[in-house]
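Asker:
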Amino acid sequence: MKILEDIWSSIVGNATTRVSDPVIGTFLTSWVICNWHYLALLFWGEGNATQRVSAFYKYWSSSEFFAFNSIFVIPFIFTLSYLFIFPWFSLLVKFLQKAVNDKLHEQAVAIELIKITQQEELNKAKLKANPDKQFLEQIIQLEINRKEEVSKQRKQRTIRFTEKAIEAKAKSAEAESNKNIAKNDEEKKNNQAALERQRFNISSAEFRSTMASHRFPSAFLFISLISDSLKQDGITLSVSASCEIVAAIFGYDNFKSLLSDEKFNNENLSSVKYIYYDDNDLAKKLEEITCGENSDNEDLTSDMLFDHIRMVFDELPYVFTNIDELAQLSLELCENDAYSLLEDDGASGAMAESDTIYDEVYVEEIDSSKFDGKFTAFINASASGSHRKESDIPGRDMTIQAEIVSSVLVGKYALGELEIESVNGGLVDYWEDEA
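Just so you know, we're using my numbering here: the sequence shown kicks off at 906 and counts up by one.
(1) Which residue wins for smallest C-alpha separation from Tyr1157, given the options Asp1184, Ser1176, Ile1140 and Lys1190?
(2) What is the DSSP secondary structure of Asn1329, reduced to helix, strand or coil?
(3) By Cβ distance below 7 Å, which residues in the same chain neighbour Ala1073 in space, the five residues on each side in sequence not counted?
(4) Quick one: Cα of His1010 to Cα of Gly1330, how far?
(5) Are the Cβ atoms of Ala1319 and Val1313 separated by less than 8 Å?
(6) Quick check on the DSSP output: what are the complete alpha helix (DSSP H) runs of length 4 or more inside the segment 1175 to 1207, in order along the chain?
(7) Among the candidates Ala1146, Leu944, Leu1238 and Ser966, whose CA atom is the shortest distance from the CA of Arg957?
(8) Quick one: grab the DSSP three-state call for Tyr943.
(9) What is the DSSP secondary structure of Asn953, counted as helix, strand or coil?
(10) Using DSSP's beta-bridge definition, name the partner residues of Gln1288.
(11) If you drop the 5 nearest sequence neighbours on each side, which residues of the same chain put their C-beta closer than 8 Å to that of Tyr964?
(12) Taking the C-alpha atoms as reference points, what is the distance between Glu1237 and Ile1016?
(13) What first and last residue would you give for the beta strand (DSSP E) that runs through Thr1226?
(14) According to DSSP, simplified to helix, strand and coil, what is Asp1272?
(15) To the nearest angstrom, report how far apart Ser1207 and Leu1234 are at their CA atoms.
(16) Here's the rule: buried if 16 or more other CB atoms are within 10 angstroms of the residue's CB, otherwise exposed. What is Ser1327?
(17) Please classify Leu996: is it buried, with 16 or more other beta-carbons within 10 angstroms of its beta-carbon, or exposed?
(18) Quick one: is Ala1030 buried, meaning 16 or more other Cβ sit within 10 Å of its Cβ, or exposed?
(19) Return the CA-CA distance between Asp1184 and Gly1300, expressed in angstroms with no decimal places.
(20) Indicate whether the contact test is met: 3 or more Cβ pairs, each with one atom in the segment 1284 to 1304 and one in the segment 1260 to 1274, closer than 8 Å.
(21) With Glu1198 and Leu1205 assumed to form a contact (beta carbons below 8 Å), what rounded beta-carbon distance in angstroms separates them?
(22) Decide yes or no for the touch test of the segment 1153 to 1171 against the segment 1253 to 1265: beta carbon pairs closer than 8 Å, at least 3 of them.
(23) Taking the alpha carbon of Ile1140 as the reference point, which residue from Glu1203, Glu1054, Tyr1179 and Glu969 has its own alpha carbon closest?
(24) Measure from the alpha carbon of Glu1322 to the alpha carbon of each residue in Ser1145, Ile1298, Glu1081 and Asn1095, then state which is nearest.
(25) Using a threshold of 8 Å, state whether the C-beta atoms of Phe1280 and Leu1231 are closer than that.
(26) Can you give me the start and stop residues for the alpha helix (DSSP H) that Ser1143 sits inside?
(27) Would Thr1261 and Arg1215 be called neighbours here (beta carbons separated by less than 8 Å)?
(28) Would you say Phe994 touches the ligand GTP, meaning its beta carbon is less than 7 Å from a heavy atom?
(29) Asp1249 lies in the alpha helix (DSSP H); which residues open and close that run?
(30) Between Ala1124 and Val1151, which are expected to be in contact by the criterion C-beta below 8 Å, what is the C-beta distance as a whole number of angstroms?
(31) Distance check for Ile929 and Ala954, CA to CA, integer angstroms please.
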């Protein structure tokens, strides 16, 4: 009897192990679901047990094992789907639920923090309202001392701000005075040079006759300077090539267009501060000029011409520059007079809305720059300070964007001074960034 019990226990244990296996158990469950009709007829159908077993055996033996039926293929497909496909759907659902659960958790934490903060404020208010507490008088005295210290610091900041503004204005006035002095000196130098260059000897009598009929001796100045610079390296250009170089520098299609432009005169050139050049455009025009010369001198290249042009402008009161250098000069302009950005009408609206006394202005970076009929650069800056009524509380930060412009005065590339065209200020809303 003991032996039979052991045999039965072994059979039951092996069967339980097989059924508990995920593959076998899933397949058996799928097979039972797919064949429930025939299993139900086997156990509870009409007829005696022999007839039901015969009917079930007939169904089993007449069905092909590997055909698309419920004998093997369909339960096997269900088993594979349950083991390998359905877990991916479950993973996708849990992934989608994760974002919602995180938001719900954040909301619950935020609500709890608000309750804690409000309870803390309530406890402080109750404690201060209790007249029996001995330290109430000390709290009031500390509050008075704090307000006196805040008032003192505010006065000191106001004095520092005023001193900085006065110092900045003094530096600006000094720089303007120095600029005017330098401008006058350069005008004298240019006028003297113009008078001297009027005597410039041109080999072509026809060209001399044509030039004498125009009112622009300034063109001769640039032609002479470039020719003299090239001669120092043993290079001689034709008069027409020198003229085309000057026309290319100022952005004219040819020298005839330069001479036809009434704006090309000493008066307008005296107001020019920068000569802008586009690297690719100028290099292309200089290459065309060198190819047109058909010179046997191997040193005559567009790069060599560009170097001589830059050396000539180093001796003139103009800054020969490209767009990157102009953008950097615009940044320096804002840095040298940063507090003036707050005085512009474009920032006054945001300052009034902020209830903040701004005492620090930070010029941060060049946002963008372009040359499209004029030079334009956008400079990003920011300002910070303290609350207007509570100086120990930080105020709202403000972002500032200044538009720096230099307009064309002569030709296409001769620009005037860099000026702050407009300023736009906006308040920073940190809670929107966090949301």
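Backbone N, C-alpha and C define an ideal beta-carbon position, used for all residues, glycine too.
All values derive from a computational prediction rather than experimental measurement.
Answerer: Answer, in terms of the structure:
(1) By 1-based counting over the sequence shown, the position of residue 1157 is 252. Here the closest residue by C-alpha is Lys1190.
(2) Numbered from its first residue, the sequence shown carries residue 1329 at position 424. Correct three-state label for Asn1329: strand.
(3) Stepping through the sequence shown from its first residue, residue 1073 is reached at position 168. Contacts found: Asp1242 and Tyr1244.
(4) On the sequence shown, residue 1010 is found 105 positions in, with the first residue counted as 1. On the sequence shown, residue 1330 is found 425 positions in, with the first residue counted as 1. Roughly 37 Å separates the two Cα atoms.
(5) Against the sequence shown, residue 1319 aligns to sequence position 414. Against the sequence shown, residue 1313 aligns to sequence position 408. Their beta carbons are under 8 Å apart, which means Ala1319 touches Val1313 by this criterion.
(6) 1184 to 1198
(7) Sequence index remark: in the sequence shown, residue 957 carries index 52 (1-based). Here the closest residue by C-alpha is Leu944.
(8) As a first step, residue 943 must be located in the sequence shown, where it is residue number 38. Reduced to three states, the DSSP call for Tyr943 is helix.
(9) In the sequence shown, residue 953 corresponds to position 48, counting from 1. Correct three-state label for Asn953: coil.
(10) Residue mapping note: residue 1288 aligns to position 383 of the sequence shown, counting from 1. Correcting the residue identity first, residue 1288 is Ala in this sequence and not Gln. For Ala1288, which the question treats as bridged, DSSP gives the partners Val1266 and Met1303.
(11) Here residue 964 refers to the residue found at position 59 of the sequence shown. Tyr943.
(12) Counting from 1 along the sequence shown, the entry for residue 1237 is found at position 332. Counting from 1 along the sequence shown, the entry for residue 1016 is found at position 111. Approximately 48 Å, taken between the alpha carbons.
(13) Within the sequence shown, residue 1226 is the residue found at index 321, counting from 1. Unbroken beta strand (DSSP E) run through Thr1226: Val1224 to Thr1226.
(14) Looking up residue 1272 in the sequence shown gives position 367. In the structure shown, Asp1272 sits in a strand (DSSP, three-state: E or B).
(15) In the sequence shown, residue 1207 corresponds to position 302, counting from 1. In the sequence shown, residue 1234 corresponds to position 329, counting from 1. Taking the straight line from one Cα to the other gives about 27 Å.
(16) Taking the sequence shown and counting its residues from 1, the one referred to as residue 1327 is at position 422. Classification for Ser1327: exposed.
(17) For the purposes of this step, residue 996 is taken as the residue at position 91 of the sequence shown. So Leu996 counts as exposed.
(18) To locate residue 1030, count along the sequence shown from 1; it is residue 125. Label assigned to Ala1030: exposed.
(19) Taking the sequence shown and counting its residues from 1, one reaches residue 1184 at position 279. Taking the sequence shown and counting its residues from 1, one reaches residue 1300 at position 395. Each residue's Cα considered, the two are about 46 Å apart.
(20) yes
(21) As a first step, residue 1198 must be located in the sequence shown, where it is residue number 293. As a first step, residue 1205 must be located in the sequence shown, where it is residue number 300. About 7 Å separates the two Cβ atoms, so the contact holds.
(22) no
(23) Translated into the one-based positions of the sequence shown, residue 1140 becomes position 235. Checked all of Glu1203, Glu1054, Tyr1179 and Glu969; the closest Cα to Ile1140 is Glu1203.
(24) As a working note, residue 1322 is residue 417 in the sequence shown. Out of Ser1145, Ile1298, Glu1081 and Asn1095, Glu1081 has the C-alpha closest to the C-alpha of Glu1322.
(25) For the purposes of this step, residue 1280 is identified with residue 375 of the sequence shown, where counting begins at 1. For the purposes of this step, residue 1231 is identified with residue 326 of the sequence shown, where counting begins at 1. Against a cut-off of 8 Å, the Cβ pair of Leu1231 and Phe1280 comes out as a contact.
(26) As a first step, residue 1143 is located in the sequence shown; it is residue number 238 there, counting from the start. First-last for Ser1143: undefined, no H or E at that position.
(27) As a working mapping, residue 1261 is identified with position 356 in the sequence shown. As a working mapping, residue 1215 is identified with position 310 in the sequence shown. Not closer than 8 Å, so no.
(28) Looking at this structure, you won't find the ligand GTP or any other ligand, since it has none at all.
(29) For the purposes of this step, residue 1249 is identified with residue 344 of the sequence shown, where counting begins at 1. Per DSSP, Asp1249 belongs to no alpha helix (DSSP H) and is neither H nor E.
(30) Against the sequence shown, residue 1124 aligns to sequence position 219. Against the sequence shown, residue 1151 aligns to sequence position 246. Confirmed, about 6 Å.
(31) To locate residue 954, count along the sequence shown from 1; it is residue 49. To locate residue 929, count along the sequence shown from 1; it is residue 24. Cα-Cα distance, rounded: 28 Å.
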